[in-house]
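Per full-length UniProt numbering, residue 1 is the first one in the sequence shown, and the count goes up by one each step. All residues carry an ideal CB built from backbone N, CA and C; glycine is no exception. Worksheet: one structure, shown below.
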Amino acid sequence: MKEAQIEITIPHLFRCPISLDLFEDPVTLSTGQTYDRSSIEKWFSAGNLTCPVTMQKLHDASIVPNHTLRHLIDQWLQLGPQFGNCATIDHLAALKHSLESPELENKLQALEKIRVLSDEYCSFRKSFFHQLSFLPLLLELVFGTEFTKCHTKFTELALCCIIKLLPLVSLEALNMIKDESKLATFLLLFEKGTSSVKTSLCHLIDSTASPQTEEVCHMLGHSQNLLREIVVLVRQGSEVSKVAIKAMLSLCSLQSNRDNLVRAGAIDGVIIYISGCETRQKNLAPFAMAIIKNLLVLESAKEALVNHPYGVATLVKLVFKVCNQECSESAVGILAIVCRDFGRAREEAIGAGVLTQLLFLLQSQCDPKTKTKARMLLKLLRSKWIEEPKQV
């Protein structure tokens, strides 16, 4: 048996039929079938109204917590020696000891194994990694020591492991970043770090949009240097731009951060990102649109959008997008806001062909909510056109 591989067998009844992973929050349907709550909720949110195993149509979509099964699983996890779990936790404990070693090479080897284990042992990692406090240790190793370029490989690998562990453990450990010295290291890493480091740090920022870590999100959102760095990443249109967009969206979820984001050039960065989506995958365009919607509560954001050389025109292009109705609805809603308040925005929108785009949208099979917004925007443009006739 390889050192980084341990054979573990999960009882069949302890696996979710959808994810095939160990139940974390088992719930039972009216058909008597049990699923993990997150898995069955995703099934329902996708529009499925059947039981995945039996394919019976559900007349009652209610779910009931299966406390008995949850208790049995908890007992099974606690009785490690009888089910082979002891080897797992002992192995992870040894890896943790290597991380605490002063030898850099030992730490690097341990991190490589943790990275592999965090992928392979999806059914056990939450319990064991949390029990051994891996996340606080890794955060301390990255942000509790002075950043030096000679430790770049260690920093990249440690951050990679942190990102893999985030979905498995409590996010409260991230609150250590509130410490002045650790926050300073975070900001320095973002400024001086490699693309890999910046990508991981963007993932960390994205995770701070939680009630548990709201104060961390607030503190990060008040660093103008950090916000400007994120805007630069968004403007690049590279792979790291995708995680930078998510980081920016998380930061602007806090009202206290929005003015700082506008002053850092967030509107300009997002418009450039969206305009580049014409030649890239558009999967993150809805995130970018959500950022604009969050920031438009500020007059400064509206002015930044209207004053952008191709801000309004970029939104007009998104009005009729058959492949992305979410973007269409957002574009129509944002245009309605700026066209209501700015005559220049109305003129630019009409000049960019918004009337044609809206008519196409109304003739399409788009969502009724989107059509309602489109009609309201058309009515707004028509009324303003009558109030402000062209000067001869």
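Looking only at S210, A285 and V332, the smallest Cα-Cα distance to K371 is reached by V332. Apart from sequence neighbours up to five positions away, the residues of its chain that approach D206 with a beta-carbon distance below 6 Å are K246, A247 and S250, ordered along the chain.
Straight-line spacing of the CA atoms in E100 and T213 works out to 26 Å.
C252 is positioned such that its CB atom lies closer than 8 Å to that of L295.
With respect to the C-alpha of I162, the residue from C202, A352, V234 and E146 having the closest C-alpha is C202. DSSP places P368 in the helix class (H, G or I) of the three-state scheme. Given a length threshold of 4 residues, each whole run of the alpha helix (DSSP H) inside the region 128-161 is given here in chain order: 134-143.
Residue nearest to L117 within the set L137, S241 and L95 is L95 (criterion: CA-CA distance). Rounded to the nearest angstrom, the gap between the Cα atoms of P167 and H151 is 26 Å.
Distance check between R258 and each of I272, L49 and K302 places K302 closest, using alpha-carbon atoms only. Rounded to whole angstroms, the gap between the alpha carbons of I18 and S62 is 18 Å.
For T28, the beta-bridge partners assigned by DSSP are T34 and V64.
Between A336 and L380 the beta-carbon gap is near 6 Å, inside 8 Å, which marks them as a contact. Under the three-state reduction of DSSP, T356 is assigned to helix.
For T199, the uninterrupted alpha helix (DSSP H) run begins and ends at S195 to S207, by DSSP.
Between L69 and L29, the gap from beta carbon to beta carbon reaches 8 Å or more. Pairing K373 with V319, the inter-Cα distance amounts to about 11 Å.
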